[in-house]
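Quick notes on the structure that follows.
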Amino acid sequence: MNAAPSRLRAQQFELTRHLRDPQASPAPGGLEDRRLGIYRDLLFNNIEGLLASNFPVISRVLGDQHWSRMVRDFYRDHRCRTPLFAEIAREFMRYLEHRNNAADPAFLSELAHYEWVELALQLSEAQAQNDAANVTDADLLEHAPQLSPLAWPLAYAWPVHRIGPGFVPERAPEAPTLLLLRREPDGGVRFSELTLLTYRLIERIGEAPQLSARQQLSALAAEAGSEDVAAFLAHGSDLLRRMRASAVISFTATSPPT
1 MNAAPSRLRA QQFELTRHLR DPQASPAPGG LEDRRLGIYR DLLFNNIEGL
51 LASNFPVISR VLGDQHWSRM VRDFYRDHRC RTPLFAEIAR EFMRYLEHRN
101 NAADPAFLSE LAHYEWVELA LQLSEAQAQN DAANVTDADL LEHAPQLSPL
151 AWPLAYAWPV HRIGPGFVPE RAPEAPTLLL LRREPDGGVR FSELTLLTYR
201 LIERIGEAPQ LSARQQLSAL AAEAGSEDVA AFLAHGSDLL RRMRASAVIS
251 FTATSPPT
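Under UniProt numbering, the residues of the sequence shown are numbered 1 to 258, in order.
Here's what the structure looks like:
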């Protein structure tokens, strides 16, 4: 009786090894292969279907055979950090970050992140901040903009938002792809392309939320080598107002004036 738990544990590991890799790990003795086959197909197909729904572009770009082999490798080799089904997509992304297969396209890891991050923002429990009505557009330069936790700036070497079966680039372009991902009040997720200066401004706001809008724009003007700071501030003010209107940034009543 004392040995029963250890025997059961050994049998469970033997079974799971077989289900993960039936070619290399023989099935436990005494089990009918027909019944085992049902479990083998059910478990793998569930994972494959879940990943295909989370990474539809990757599955179409790779094609059925390459995609199926990749999912089989993930299913066999990767050790997930969580049993939650909602986290399987993150685990697959982590697996691809360290996968080394010459047959995979070079953009695979970035494309996986691009497809995963939409789900991540949808599931995020972060809440949008209230915008202070007493901070008017006329004086927003004197207050500190706050980046919404539901607005995520993203930078990629590859044009991940354009990749699909009809566009499979072989080389990354010289310019990076800069995107903003934001969750709307209705729960929908939207992507938009950013210029380099807009991306850097959003990045700066996230890095130094204590700085006023004037300080942020003045520092950005210096980074950009702009000699007409007044014009830079005027253009930046218009950009901040648009970002505020779309809830990418907000201002609080306690934002410190300069």
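Just so you know, even glycine gets a beta-carbon here, dropped at the ideal spot from N, CA and C. As the structure is a computational prediction, the values presented were derived from the model and not from experiment.
- Runs of the beta strand (DSSP E) lying entirely within the stretch 172-253 and spanning at least 3 residues, in chain order: 177-183, 189-193.
- Residue state for Trp152 is assigned as strand, using DSSP reduced to three classes.
- Leu84 carries a coil assignment under DSSP once its states are collapsed to helix, strand and coil.
- In the assembly as shown, Gln216 is a buried residue. Its beta-carbon has 16 or more other beta-carbons within 10 Å.
- A straight line joining the alpha-carbon of Gly206 with that of Cys80 spans about 31 Å.
- Gln146 is bridged by DSSP to Ser250.
- In the three-state reduction of the DSSP assignment, Phe107 falls in the coil class.
- Listed as beta-bridge partners of Phe167 by DSSP are Gly164.
- Relative to Ser192, the option among Arg204, Leu178, Asp186, Glu203 whose CA is nearest is Leu178.
- In this structure, the CA atom of Ala89 is about 45 Å from the CA atom of Ala231.
- A check of alpha carbon separations from Arg182 across Val160, Leu154, Phe74 identifies Leu154 as the nearest.
- Nearest in C-alpha terms to Glu115, of all of Ser68, Ala52, Asp33, is Ala52.
- Cα atoms of Ala144 and Val135: separation of roughly 10 Å, rounded to the nearest angstrom.
- Taking 8 Å as the cut-off, the Cβ atoms of Val61 and Ile163 count as close.
- Every alpha helix (DSSP H) of 4 residues or more that sits fully in the stretch 91-141 is shown, in chain order, as 108-123.
- DSSP places Trp67 in the helix class (H, G or I) of the three-state scheme.
- Trp158 and Pro173 have their C-alpha atoms some 7 Å from each other.
- Note that the C-beta distance between Glu87 and Val71 is not below 8 Å.
- DSSP places Ala157 outside both helix and strand once states are collapsed to three, so it counts as coil.
- Going by DSSP, Arg60 is part of the alpha helix (DSSP H) stretching over 56-62.
- Between Phe85 and the set Tyr95, Leu108, Asn54, Gly63, the nearest pair of CA atoms involves Asn54.
- Within the same chain, Cβ atoms closer than 8 Å to the Cβ of Val248 are found at Leu147, Ser148, Ala151, Leu180, Arg182, Ile202, the five residues on either side in sequence being excluded.
- Per the C-alpha coordinates, the member of Arg94, Leu121, Trp67, Ala128 positioned closest to Gly188 is Leu121.
- Linking Leu194 to Ser226 through their CA atoms gives a straight-line distance of about 19 Å.
- DSSP places Pro28 outside both helix and strand once states are collapsed to three, so it counts as coil.
- Taking a C-beta distance under 8 Å as the contact criterion, Ala213 and Leu140 qualify as a contact pair.
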